[in-house]
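Using the numbering used here, you'd call the opening residue of the sequence shown number 1243 and step up by one each time.
Idealized CB from N, CA, C, for every residue including glycine.
Notes follow once the structure below has been shown.
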Amino acid sequence: MIDLRAKRVMLPAQLSAALRHQAEVKGRRILDLLLAARRERRRGMSEPWAVLGPWQRGAPPSADT
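Spelled out as structure tokens, the structure:
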């Protein structure tokens, strides 16, 4: 669970140790993106630039990837 007010990620206690680190990292990334999008919205941006890649903002994806 992601708590935006407390700015933290909470994982179920029964989550196995093998998955805990991976879930913590991914949860933190998601939290960081949500907080960045929230800051951008408060600054008046119409879309979240920190979350969207350039290809999602109208530029075609690079052929190099």
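For R1250, name the three-state secondary structure that DSSP assigns.
-> Against the sequence shown, residue 1250 aligns to sequence position 8. If DSSP states are grouped into helix, strand and coil, R1250 belongs with the strands.
Hey, quick one: how far does the alpha helix (DSSP H) through L1257 stretch, first residue to last?
-> Here residue 1257 refers to the residue found at position 15 when the sequence shown is read from its first residue. Unbroken run through L1257: none, as it is neither H nor E.
Is there contact here, the segment 1271-1289 with the segment 1243-1252, by at least three beta-carbon pairs under 8 Å?
-> Output reads yes: the segment 1243-1252 touches the segment 1271-1289.
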